[in-house]
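Top line first, the protein sequences correspond to chains A and B. Using this note's numbering, the final residue of the first sequence is 233, and nothing's skipped along the way. Using this note's numbering, the final residue of the second sequence is 233, and nothing's skipped along the way. These notes are about the structure you will find just below.
There are 2 protein chains.
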Amino acid sequence: MVIRVQVPSVVDVIANDLRRSVLSGELRPGSSLTEADVAGRYDVARATAKAAIERLVAESMLERSTHKTARVVRLGPQDVRDIYLSRAILEAEVLRRLAAAGTPIPEAAREANAEIRRRWNASSFDVVEPDMRFHTSMVDAVGTVRTSRMYRGLASEVRLCMAQVQGRQLLSPAVIVAEHERILELVEAGAGNEAAEVLDGHLGRARDLLIDALDNAD
Amino acid sequence: MVIRVQVPSVVDVIANDLRRSVLSGELRPGSSLTEADVAGRYDVARATAKAAIERLVAESMLERSTHKTARVVRLGPQDVRDIYLSRAILEAEVLRRLAAAGTPIPEAAREANAEIRRRWNASSFDVVEPDMRFHTSMVDAVGTVRTSRMYRGLASEVRLCMAQVQGRQLLSPAVIVAEHERILELVEAGAGNEAAEVLDGHLGRARDLLIDALDNAD
DNA sequence: GCAACCAAGATTGTTCAGCAAGTCTACTGA
DNA sequence: TCAGTAGACTTGCTGAACAATCTTGGTTGC
């Protein structure tokens with residue numbers, strides 16, 4: 016088995032760091048990002064900065080139209096609805112197929128859920144990372160690189176939302192753990208339809224709380 | 016209602032034309048595409064050619080790694096399986112939701128299917144375009160821009176496959192029309208599970224024939 | 001006071017020339 | 001025959017430049 020490594024280019028590194036800045040809230044939604052800004056900040060040529068910006072535009076973390084300067088996207092209620100409906104569509108069918116095929120529950124999903132519980136026990140409410148890890152590992156379990164990639168794109172937008180609401184109260188970790196567990200049980204029992212139904216409720220509740228938090232933001 | 020138009024940049028135009036070249040089979044799978052090639056072919060600067068190439072790499076129509084020259088992707092059986100499984104996951108759940116919500120069948124879907132029948136009656140076997148139009152219009156009917164965008168990406172890869180097999184015998188238009196019709200009936204009757212099942216068979220047959228055609232290609 | 005207008009500055013789109021670094025190829029010498 | 005290598009080719013990135021477009025803030029006319 017050959018391991019292929021990709022030497023990261025300067026554009027890669029800058030794009031990654033910009034992504035980190037946006038997701039950490041360091042770059043506020045709506046704030047503008049000039050090519051010269053980026054070029055100056057990282058001390059690179061403008062062409063390099065441009066490429067990095069264009070990459071983030073392609074993954075819809077920044078937005079811009081011709082001759083306008085890029086801005087950090089601000090996701091509204093309609094976006095959240097769209098994102099969560101897309102998630103539900105993808106993940107519901109994934110659960111059905113995992114259940115129908117009798118695919119064993121991936122260890123990563125159980126571990127992610129256990130991590131949420133640990134943080135909850137440690138009185139932490141910041142469970143976004145393990146929560147997304149739970150969902151992505153379920154999707155990964157069907158073994159479709161394209162489906163996984165699509166879901167990853169949605170997950171990235173969810174994290175962008177989280178950056179906007181900055182730790183406002185969302186779904187309680189206790190509820191999350193319980194609902195995840197219920198989903199795992201149903202999938203394991205081969206009850207795909209029921210699992211999909213629970214997932215729909217789970218995502219629906221998360222979506223509504225997120226929209227509320229968004230309304231009260233800024 | 017304001018209509019926003021986007022002035023296309025040179026990079027846009029070149030990327031579009033390259034895409035057309037790849038999908039038309041003018042650029043064979045596996046053939047390499049140098050930045051200087053593209054720059055020369057369209058008489059633009061290398062930076063511009065580079066941007067266009069990178070855009071097609073991002074939508075996985077070309078592939079390349081650092082310091083290597085870009086090549087037109089050649090999709091193998093494993094890719095086809097991956098693409099069709101992703102399609103099935105997305106579209107099956109879409110059908111379930113359309114059926115459950117009682118969403119009326121989009122006119123575009125009926126029209127696309129009628130077009131397939133017309134071409135079949137005119138003894139034409141080239142029904143890829145209206146076929147994809149049928150499927151995308153069903154996905155569009157759920158009204159999720161992100162889901163539609165994801166499906167469009169998959170559809171693009173399907174067209175890329177078609178370019179590779181260059182009009183080899185695939186699913187018969189007569190079969191396609193009949194199965195599409197059956198799907199519409201079931202969705203209309205609110206029978207989501209059954210519609211999803213028929214779709215699975217439909218896509219499965221198309222996938223197998225495509226893989227066969229791919230084996231006999233080049 | 002306010003709206004339309006205009007000019008200056010800022011920003012993007014694109015080009016050109018060039019260098020460093022990595023990749024590929026075809027030849028050489030063992 | 002084949003490993004090694006020199007040279008050609010290609011990509012990554014830079015810096016400077018210019019046109020086209022956008023933005024801003026002041027000015028003019030009402």
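All C-beta atoms in this analysis are idealised placements derived from N, C-alpha and C, irrespective of residue type, glycine included.
C-beta neighbour in chain B for A/A62, strict 9 Å: yes
Length-filtered (4 minimum) alpha helix (DSSP H) runs lying within the segment 117-171 of chain B: 122-136, 143-155, all fully within the segment 117-171 of chain B.
Exposure label - A/P119; buried when at least 16 CB within 10 Å: exposed
Secondary structure of A/E41, DSSP reduced to three states: In this structure, DSSP gives A/E41 a state outside helix and strand, which the three-state scheme calls coil.
Pick from B/R34, B/G91, B/H195, B/V59 that is closest to B/E106, judged by C-alpha positions: B/H195
Pairwise C-alpha distance: A/V95 and B/G216: If I take the Cα positions, the gap works out to 33 Å.
Per-residue burial, A/D230 [other beta carbons within 10 Å of its own, 16 or more giving buried]: It counts as exposed.
Identity of the residues DSSP links to A/I85 by a beta bridge: Looking at the sequence itself, residue 85 of chain A is Ala, so the reference to Ile does not match. Answer is A/L48.
Contact set between the segment 108-124 of chain A and chain B, restricted to residues whose Cβ is under 9 Å from the partner: Residues of the segment 108-124 of chain A with a C-beta less than 9 Å from any C-beta of chain B: E108, V109, R111, R112, listed in chain order.
Chain B contact for A/Q21 (CB, 9 Å cutoff): yes
Contact set between A/S24 and chain B, taken where Cβ atoms lie within less than 8 Å: T81
Positions along the segment 153-171 of chain B whose CB lies within less than 8 Å of some CB in chain A: V157, T159, V160, R161, T162, M165, G168, L169
Contact list for A/A73 against chain B, beta-carbon separation under 7 Å: Ordered by position in chain B, the residues that pass the 7 Å Cβ test against A/A73 are A73.
Assigned exposure category for A/Q179 - 16 Cβ within 10 Å defines buried: buried
The segment 30-46 of chain B touching the segment 62-71 of chain B, judged by at least three CB pairs closer than 8 Å: yes
Proximity winner among B/G182, B/T49, B/L185, B/A103, relative to A/R112 (alpha-carbon distances): Nearest C-alpha to A/R112: B/A103.
contact_flag[the segment 144-155 of chain A, the segment 120-136 of chain A] where n(CB pairs < 8 Å) is 3 or more: yes
Inter-residue CB distance, A/I198 and A/L214 (contact presumed, cutoff 8 Å): 6 Å
Proximity test, Cβ basis, 9 Å: A/A66 and chain B: yes
Short Cβ contact (9 Å threshold) for B/A30 with B/E50: Between B/A30 and B/E50, the gap from beta carbon to beta carbon reaches 9 Å or more.
Within 7 Å of chain A by C-beta, residues of the segment 84-100 of chain B in sequence order: D97, I98, L100
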